[in-house]
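In my numbering, the protein residues as written are 50 to 232. Glycine included, C-beta positions come from ideal geometry on N, C-alpha and C. Data block below; observations after.
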């Protein structure tokens, strides 16, 4: 196994740990999108699943959130960037992803069934959409969850290691284009 393949395997292993380990630095990622008006926007998302074979990450969202509009306004090219930072390793990952937002079906209902009894369920039961004013909020919650699942398939991955002894950078995905890059 060459050095780039070993590095990719280690990165995939860290992603697998991140989705299952609370407190892992990569469990939360910055998702950067572009609004329908062409304005950049970024927010933190919690990574919930990683499928190495499909190279797909999963996170949840309120179906009414602006990020959903951003991810859907270019339906044929729903691309975004996920940025992750691991201070212990000094590693940054920048992943260009193609996203698909799912609002119903087994992918949603099975995940909602696991989540609905947890405190996190309240994030998807609010009568107000994310970003709306709390002024005049009624105490009643939503009768149906505003829960959606986002699948983010990795199209390109740029790895950067910041180290006092010298920075290193590599393109790890797609595998056929893996290469060391100038930091």
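Which same chain residues, not among the five before or five after residue 166, have their C-beta less than 7 Å away from its C-beta?
-> none
With DSSP collapsed to three states, give me the class of residue 207.
-> strand
Pick helix, strand or coil for residue 134, following the three-state DSSP scheme.
-> strand
Extent of the continuous beta strand (DSSP E) run through residue 118 | Where residue 118 is concerned, there is no enclosing beta strand (DSSP E), although the alpha helix (DSSP H) it sits in stretches over 115-121.
Following the continuous alpha helix (DSSP H) through residue 163, name the residue where it begins and the one where it ends.
-> 155-164
Alpha carbon of residue 196 to alpha carbon of residue 141, nearest angstrom = Approximately 29 Å, taken between the alpha carbons.
DSSP state of residue 172 mapped onto helix, strand, coil = helix
Would the beta-carbon of residue 204 fall within 8 Å of that of residue 218?
-> no
Please name the residue or residues paired with residue 71 in a DSSP beta bridge.
-> Answer by DSSP bridge pairing: none, since residue 71 is not bridged.
Counting pairs of Cβ atoms below 8 Å between the segment 154-170 and the segment 223-230, do you hit three or more?
-> These segments do not touch.
Decide if the segment 55-62 is in contact with the segment 86-96; the criterion is three or more beta carbon pairs, one per stretch, under 8 Å apart.
-> no
Taking Cβ to Cβ, would you say residue 116 is nearer than 8 Å to residue 82?
-> yes
Where does residue 66 fall in DSSP's three states?
-> helix
Residue 98 - containing beta strand (DSSP E), residue span | 89-100
Output the boundary residues of the beta strand (DSSP E) element that contains residue 217.
-> In the DSSP annotation of this structure, the continuous segment of the beta strand (DSSP E) that includes residue 217 starts and ends at 217-222.
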